[in-house]
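Enquirer:
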Amino acid sequence: MQVGTTSSSFPLPLLPHNKTHNYTSIPFTFKGREGKPRARFPPIAFSASSTTKHVWRRTPQLKTTPSSSPSHQLTQKRHPRNQQGPSHLDHSIDMDELLSSIGQTQIEQELYSLMSTYKGRQLSIRFMVSLLSREPDWQRSLAILDWINEEALYTPSVFAYNVVIRNVLRAKQWEIAHGLFEEMRQRALAPDRYTYSTLITSFGKAGMFDSALSWLQKMEQDHVSGDLVLYSNLIELSRKLCDYSKAISIFSRLKRLGIMPDLVAYNSMINVFGKAKLFREARLLLKEMRAVGVLPDTVSYSTLLSMYIENQKFVEALSVFSEMNEVKCPLDLTTCNIMIDVYGQLDMAKEADRLFWSMRKMGLEPNVVSYNTLLRVYGDAELFGEAIHLFRLMQRMDIEQNVVTYNTMIKIYGKSLEHEKATNLVQEMQNRGIQPNAMTYSTIISIWGKAGKLDRAAMLFQKLRSSGVEIDQVLYQTMIVAYGRVGLVAHAKRLLHELKRPDNIPRETAITILAGAGRIEEATWVFRQAFDAGR
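Under the working numbering, the first residue of the sequence shown is numbered 304, with each subsequent residue one higher.
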C-alpha cells in the first residue's frame with residue numbers, strides 16, 4: 304500500500320495532515336474468529352459502530368523505516384509497462400461468481416489467494432475496475448486495490464482509484480478518502496475531474512461545505528476544469544444549507560470560468576436570489592437568460608412568482624405573470640394556484656374566478672389547493688353564495704376536502720352570520736374523518752364571541768383545555784379578545800395571568816399572544832420580566 308508524505312504544497316481539505324501517514328491493510332474477522340495481521344502491521348481497535356466482521360481498513364501509522372516502508376518497496380517494484388501479459392480472460396470469467404467468492408473471504412490473505420490465479424494480469428484493468436465498482440464492501444474494495452497495485456503489479460489506474468474513493472465516501476470514510484487521494488499523488492496519478500467531483504459532492508452532501516469548497520479550490524489550483532454539473536450541484540447544496548452568499552459566489556465563478564449556465568442552473572439561482580431577498584437580481588436573471596439564448600420556462604416564472612408571494616409583493620407578481628402570458632409560456636398547476644391567490648390579495652376576485660374556471664381548458668385539473676384558495680378569495684370578497692356553491696360542488700364531484708377547506712367555510716359562514724351552519728360544519732368534517740385543529744376551534748370561538756354567545760365560546764374553550772387538546776397562541780388570543788369585547792375583564796385577566804406566569808407556554812409565545820390581543824402593556828411586562836431573568 305502506498306505511503307509517504309503528501310506531495311501537495313497546500314493542506315488537504317477537512318483533515319490536517321501534519322504527520323506522515325502510512326495506510327496499512329488490516330485483516331478482518333467474523334465474530335468468534337481471529338485473523339492474524341501481517342507482522343509489520345500492529346493491531347488496531349475497531350470502533351463501536353463496526354459490524355461483526357472487520358474488513359481491511361487503512362489507518363494512520365505513526366512511524367516507518369526507510370528500509371521497510373511500502374513507499375520504499377514501491378520504488379523497487381516497477382510496473383513493467385512494456386511487458387505484454389497473456390491474453391485477457393475477461394469474457395471467460397463470471398464476474399458475479401467472482402464477486403460472490405470475494406464476499407466470502409474473511410482475511411486479506413484469503414482474498415489474495417483467491418485472486419492469485421490472475422496474478423499474471425490475465426484480467427484487463429477494465430475488468431478490474433468494473434469489479435471494484437460492483438464490490439459492495441468498501442473495505443474489500445480497498446484490499447482489491449492493494450492486490451491490483453502490489454500483487455498483480457498493474458500500471459496504476461486513475462479509474463480504479465476513482466471507484467474506490469467513491470466507495471469509501473459512500474461509507475463516510477472521510478480520512479481514508481484523503482489517504483487515497485494522497486496515494487494517487489504518490490503513484491504519479493493526476494486526480495481528474497471525476498475524482499474532484501466525487502470528493503466535492505460527497506463532502507458537500509455530508510454538510511462539510513467548507514471542505515467541499517476547499518476541494519474545489521484545490522481542483523482549480525491543479526488546473527482541472529470543473530463542469531456545469533459540478534458547479535450546479537454546489538449551488539444546490541449551498542441553497543439547501545441556506546448559504547446564499549456562497550451559492551451566488553459559485554455562480555459568479557462558474558460564469559467567470561466561461562461555463563455557460565443552463566436552464567436548471569438559472570432556475571436554481573432565481574430561487575437563491577429570492578431566498579436572499581435580492582428581488583432585483585432575480586428578475587434580471589430572466590433578462591440575462593433571454594440574452595444568452597436560454598429561454599425561461601414555467602419553472603423560472605413560477606419560482607419568481609413564489610418569491611414575490613412569500614414576500615407579499617403581489618403587484619410585482621402580477622407583472623411577472625403578465626410577462627409570462629406575453630411570451631406565451633405555458634402555465635402549470637402551481638402557477639395557476641399562485642395567481643388565484645395573487646388576484647385575491649389584490650381584490651381581483653373576478654380575475655381569480657376567471658383563471659380558475661379556465662384551468663381545465665388549459666388541460667389543468669384544479670386540485671384541493673386550487674379550490675381552497677378560490678374559496679378564501681370568495682370569502683374575502685364577501686361572495687358568500689359563490690363560496691357555498693363551490694363548496695357543495697366539491698362534495699358533489701367527490702373532490703378531496705381537507706381541514707383547510709372546512710376552516711375556510713366555517714369562517715365564511717361566520718362572516719355571513721350563519722353561526723349554526725358554521726357550528727354544524729365541525730360535526731360534518733368529523734363525520735368525514737377530518738379532524739378539527741386549533742384554527743377550527745379558534746374560528747368557532749371567535750364566531751360565538753362576536754355573536755354574543757360567550758357562554759358557548761367559554762364552554763368550548765374549557766372543554767378543549769380539559770380534554771388535553773393543545774391550546775395554541777391563536778386560541779388564547781381569540782379567547783382573550785372575546786372576553787374583552789363583552790367586558791368580562793376578570794376572565795380576560797385570568798388568562799392574562801396565565802400568560803404572565805407561563806408554565807408550559809414559552810415567554811416568546813406569551814408575548815406574541817398578548818400583543819396580538821391588543822394587550823401591549825401586558826406584553827411589555829412579560830418581555831421585561833424575561834429580559835431581567837436573562838431568558
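Each residue gets a CB set at the ideal place from its N, CA and C atoms; glycine is no exception.
Under three-state DSSP, which class holds Asp-701?
Expert: Note: Asp-701 maps to coil in three-state DSSP.
Enquirer: Where Val-602 and Ala-684 are concerned, what is the direct C-alpha to C-alpha distance, given to the nearest angstrom?
Expert: Cα to Cα, Val-602 sits roughly 30 angstroms from Ala-684.
Enquirer: What is the residue span of the alpha helix (DSSP H) that Trp-518 lies within?
Expert: From DSSP, the alpha helix (DSSP H) with Trp-518 extends over 512–524.
Enquirer: Which stretch, first to last residue, makes up the alpha helix (DSSP H) that contains Cys-632?
Expert: That residue, Cys-632, is in no alpha helix (DSSP H); it is neither H nor E in DSSP.
Enquirer: Are there 16 or more other CB atoms within 10 angstroms of the CB of Leu-778, so buried, or fewer, so exposed?
Expert: By the 10 Å Cβ count, Leu-778 comes out buried.
Enquirer: In whole angstroms, give me the CA-to-CA distance for Arg-488 and Asp-449.
Expert: Whole-angstrom Cα-Cα distance: 16 angstroms.
Enquirer: For Gly-561 and Leu-531, I'd like the C-alpha separation in whole angstroms.
Expert: For Gly-561 and Leu-531, the distance between alpha carbons rounds to 10 angstroms.
Enquirer: For Ala-474, collect the residues of the same chain with a Cβ closer than 6 angstroms to its Cβ; drop the 5 residues on either side in sequence, then sort them by chain order.
Expert: Taken in chain order, the residues that qualify are Trp-441.
Enquirer: State the Cα-Cα distance for the pair Ser-350 and Ile-479, rounded to the nearest angstrom.
Expert: At Ser-350 the pLDDT is 34, less than 50, meaning the model places this residue with poor confidence; the figure from the coordinates comes in the next sentence. For Ser-350 and Ile-479, the distance between alpha carbons rounds to 15 angstroms.
Enquirer: In this structure, how does DSSP classify Cys-545 when only helix, strand and coil are distinguished?
Expert: Coil at Cys-545, not helix or strand.
Enquirer: Report yes if the C-beta distance between Tyr-499 and Trp-518 is below 8 angstroms; otherwise report no.
Expert: Against a cut-off of 8 angstroms, the Cβ pair of Trp-518 and Tyr-499 comes out as a contact.
Enquirer: Could you spell out where the alpha helix (DSSP H) holding Gly-596 opens and where it closes?
Expert: Careful: Gly-596 lies outside any alpha helix (DSSP H) and carries neither H nor E.
Enquirer: Could you give the C-beta distance for Glu-457 and Ile-503, rounded to a whole number, given that I count them as a contact under 8 angstroms?
Expert: It is worth fixing the name first, because residue 457 is Tyr in this sequence and not Glu. The pair is not a contact, with the Cβ atoms about 27 angstroms apart (cut-off 8 angstroms).
Enquirer: Contact defined as beta carbons within less than 8 angstroms: I believe Gly-682 pairs with Ile-715. What is the distance between those atoms, to the nearest angstrom?
Expert: Contact flag correct, Cβ pair sits at about 4 angstroms.
Enquirer: Going by DSSP, what residue range makes up the alpha helix (DSSP H) through Asp-683?
Expert: Note, Asp-683: alpha helix (DSSP H), 671–683.
Enquirer: Using the beta-carbon count (16 or more within 10 Å), is Leu-734 buried or exposed?
Expert: A small correction: the amino acid at residue 734 is Asn; Leu does not occupy that position in the sequence shown. By the 10 Å Cβ count, Asn-734 comes out exposed.
Enquirer: If Arg-695 and Gly-647 are in contact, beta carbons under 8 angstroms, what's the gap, nearest whole angstrom?
Expert: Wrong, their Cβ atoms sit about 20 angstroms apart, outside the cutoff.
Enquirer: In angstroms, rounded to a whole number, what distance separates the CA positions of Val-461 and Ala-491?
Expert: Their backbone Cα atoms lie some 10 angstroms apart in a straight line.
Enquirer: Could you check the C-alpha separation between Asp-871 and Leu-426 for me, to the nearest Å?
Expert: One cannot answer for residue 871 here, as it falls past the ends of the chain, which runs 304 to 838.
Enquirer: Compute the Euclidean distance between the alpha carbons of Glu-411 and Leu-435, then round it to the nearest angstrom.
Expert: Distance between the alpha carbons of Glu-411 and Leu-435: 16 angstroms.
Enquirer: Use the C-beta contact count for Asn-614: other C-beta atoms within 10 angstroms, 16 or more gives buried, fewer gives exposed.
Expert: Exposed: under 16 other Cβ atoms inside 10 Å.
Enquirer: With DSSP collapsed to three states, give me the class of Ala-725.
Expert: Residue state, collapsed to three classes: helix.
Enquirer: How about the region 536–546 and the region 570–577: do they share at least three Cβ pairs that are nearer than 8 angstroms?
Expert: Segments in contact, yes.
Enquirer: Might you give, ordered along the chain, the residues of its own chain that have their beta carbon closer than 7 angstroms to the beta carbon of Arg-686, omitting 5 neighbours on each side?
Expert: Per the sequence shown, residue 686 should be read as Leu rather than Arg. So the list reads Ala-652, once near-sequence residues are dropped.
Enquirer: Output needed for Thr-378: all residues of its chain with C-beta closer than 7 angstroms, excluding positions within five of it in sequence on either side, in chain order.
Expert: Because the pLDDT at Thr-378 is just 36, under 50, the model does not fix this residue reliably, and the value given afterwards should be weighed accordingly. Hits under 7 angstroms: none found.
Enquirer: The alpha helix (DSSP H) with Met-431 in it runs from where to where?
Expert: Met-431 -> alpha helix (DSSP H) spans 428–437.
Enquirer: CA-CA distance, Tyr-421 and Ala-455?
Expert: In a straight line, the C-alpha of Tyr-421 is about 8 angstroms away from that of Ala-455.
Enquirer: Taking C-alpha atoms, which residue in Leu-533, Met-522, Lys-631 lies nearest to Lys-508?
Expert: Looking at the Cα atoms, Leu-533 is the closest of the given residues.
Enquirer: Please return the same chain residues whose Cβ sits closer than 6 angstroms to the Cβ of Met-732, not counting the five positions on each side in sequence.
Expert: The residues are Tyr-709.
Enquirer: For Pro-633, collect the residues of the same chain with a Cβ closer than 7 angstroms to its Cβ; drop the 5 residues on either side in sequence, then sort them by chain order.
Expert: Hits under 7 angstroms: Thr-601.
Enquirer: So what's Arg-583 in DSSP terms, helix, strand or just coil?
Expert: Reduced to three states, the DSSP call for Arg-583 is helix.
Enquirer: What are the boundary residues of the alpha helix (DSSP H) that includes Lys-753?
Expert: Unbroken alpha helix (DSSP H) run through Lys-753: 741–753.
Enquirer: Assuming Val-597 contacts Leu-557 (C-beta within less than 8 angstroms), just tell me the rounded distance between them.
Expert: Not a contact, Cβ separation roughly 14 angstroms.
Enquirer: Does DSSP put Ala-455 in a helix, in a strand, or in coil?
Expert: Looking at Ala-455 - three-state DSSP - the assignment turns out to be coil, as it is neither helix nor strand.
Enquirer: Can you have a look at Lys-257 and say buried or exposed, based on whether 16 or more other CB atoms are within 10 angstroms of its CB?
Expert: Because the chain in this structure spans residues 304 to 838, residue 257 falls outside the shown range and cannot be described.
Enquirer: Return the CA-CA distance between Phe-344 and Phe-430, expressed in angstroms with no decimal places.
Expert: Because Phe-344 carries a pLDDT of 26, less than 50, the predicted location of this residue cannot be relied on, and no value is offered for it.
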